[in-house]
Amino acid sequence: MLDIKFLRENPDIVKQNIKNKFQDNKLPMVDEVIALDAESRKTQQEADGLRADRNKISKQIGAFMAQGKKEEAEEFKKKVTAFSERLAELEAKETQLQEKIREIMMAIPNIIDPSVPIGKDDSENVELQKFGEPVVPDFEIPYHTDIMERFNGIDLDAARRVAGNGFYYLMGDIARLHSAVISYARDFMIDRGFTYCVPPFMIRSDVVTGVMSFAEMDAMMYKIEGEDLYLIGTSEHSMIGKFIDTMLPEDQLPQTLTSYSPCFRKEKGAHGLEERGVYRIHQFEKQEMIVICKPEESPMWFETLWRNTVDLFRSLDIPVRTLECCSGDLADLKVKSIDVEAWSPRQKKYFEVGSCSNLGDAQARRLRIRVKGADGQKYLAHTLNNTVVAPPRMLIAYLENNLQADGSVRIAECLQPYMGGKTKIQ
RNA sequence: GGAGAAGUACCCAAGCGGUUGAAGGGGCUCCCCUGGAAAGGGAGUAGGUCGUGAAUAGCGGCGCGAGGGUUCAAAUCCCUCCUUCUCCGCCA
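In the working numbering, the protein residues as written are 822 to 1247.
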């Protein structure tokens, strides 16, 4: 969400940005919202004037009443009645215009960072850097659910009966490995100075619309029937929402938090063969990191954040690469985003395991997250978020990369304390 | 979930239809007094946001938990919601 003043003064930048994101159908919105905004301000001016008159006259009526001059008071009442209809008309117009403006402003995408590659969809995302040697072993790597089943580690049939497709029972050592990864990731982030947090798993609609676009909301969020509550799609939602309507003293920045939560997603749309098992599911668990910082520091934090994820995967010996999201694939609220992808020796390609985003001031504007500087200046904060690790999906990468020729799975040294000292699953 | 009570500026708190843009304290800031301090005395202390504007100057709109409504006029009356507290119920 952009500042309407910025849009008013820089319509060409906004239009070019829309073109860069291949959303040409939104181009007319820019001129439309400028016209609506002009009309809205004109309406407000006239209405404010009438309201000022009314305030003055009301005061005089009050004075007359105090002196018991009823007739004079009645005379003055008529003065207000004379324009009250016009005022009501203007007020209705004001609300209507405000709503329209807001609706359009919510749909106009955030200005992307100049470094974002221009491209129309995910096929034009750009590989940035590889970390670790992507190895393909000389034995066959089975599909991840087959590996899990070998250890009685997953029961998808039961999950389908109980909750439907897109859910899972993790069992035994696989379930334990899942928890171990979460615990390890939590401590990994705490060691890097982040504050651990367990947030609400449901949030109100005003927070939902503050953290994401309508398109995302519709495709992702589960609503609780009969209540103004949604299941979170990621703890980013409740963690950024934590700061709704706040004025943070500048010296309390940056806020660096790492949160654990289950995540619930509708995952609307058709998915391919490679998305079976626990790759794309309605419920998963995730360790997340978020940062609230000064605007000038958000690019620095962006680099720091994705690096954390890379380091975590590397500490588990999983090869990864970073993939920059091109303009057309970038969600409307985001300034810049890169995915961390893990190596799949079975598919002989990388697949997404994390996503790091700089939202600029878009979420802060919607949620009113502001900062008060030492000099008294007030400004919107910048918000960023990134996956530390989402275990069901990362287990795919873990199992594939740590499967041994004898069919056992090696437990990385850093995970062993969380696995009761086990060195392998067999 | 049921029954009550309450939400006013940094904090406490008065007001319950009209010079209240909000009494009174406390705190904070400045001044007087003092060799310095304490005590005492005096003064100041809505912030936010929208419009207008070159303006962090004026002027105007909105603001007493949030949103609606009644009225010429609402912190004050009515409705809905949120939050907090007390009691009951239920429950890891």
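The beta carbon of each residue, even a glycine, is placed where N, CA and C say it ideally should be. All of these numbers come straight from a predicted model, not from anything done at the bench.
Within 7 Å, strictly: CB atoms of Gln1184 and Ile1065:
no
Cβ-based neighbour list, Phe1172, same chain, cut-off 7 Å, excluding 5 preceding and 5 following
Glu1162, Ala1163, Ser1165
If I measure Cβ to Cβ from Glu945 and keep anything under 6 Å in the same chain, skipping five residues before and after, which residues do I get?
Counting only Cβ-Cβ distances below 6 Å, and skipping sequence neighbours, we find Cys1147.
Given a threshold of 16 other Cβ atoms within 10 Å of its Cβ, counted over all protein chains shown, does Gly940 qualify as buried or as exposed?
Looking at its Cβ environment, which holds 16 or more other Cβ atoms inside 10 Å, Gly940 is buried.
Bridge partners - Asn1207, DSSP secondary structure assignment:
Met1110, Cys1177
Euclidean distance between Cα positions of Ile1246 and Asp942:
40 Å
If you run the structure through DSSP and keep just helix, strand and coil, what is Arg862?
helix
Which residues share a DSSP beta bridge with Val1192?
Leu1069, Tyr1200
Classify Ser936: buried if its beta carbon has 16 or more other beta carbons within 10 angstroms, exposed otherwise.
By the Cβ-count criterion, Ser936 is exposed, with fewer than 16 other Cβ atoms from all chains shown falling within 10 Å of its own Cβ.
One question on the structure: do Phe1123 and Leu1205 come within less than 7 Å of each other, judged by their Cβ atoms?
The Cβ atoms of Phe1123 and Leu1205 lie closer than 7 Å to each other.
Okay, do the stretch 1234–1246 and the stretch 1101–1110 touch, 3+ Cβ pairs below 8 Å being the bar?
no
Straight-line CA distance for Ile1139 to Glu961?
18 Å
Bridge partners - Asp1160, DSSP secondary structure assignment
Leu1144, Ser1176
Quick check on Gln1108: buried or exposed, where buried means 16 or more other Cβ atoms within 10 Å of its Cβ?
buried
Under 8 Å: do the stretch 1032–1047 and the stretch 1008–1022 share three or more Cβ pairs, one atom per stretch?
no
Compute the distance between the beta-carbons of Ser1082 and Phe1022, then report whether it is under 7 Å.
yes
Starting from Leu1078 and walking both ways along the beta strand (DSSP E), at which residues does that stretch end?
1076–1085
Cα-Cα separation between Tyr964 and His1203, rounded to whole angstroms:
41 Å
Every unbroken alpha helix (DSSP H) within the stretch 914–1001, with a cutoff of 4 residues, ordered by chain:
Qualifying alpha helix (DSSP H) stretches, in chain order: 965–971, 977–983.
Could you check which residue in Asn1207, Phe843, Ala1001, Asp833 has the C-alpha nearest to that of Ile855?
Asp833
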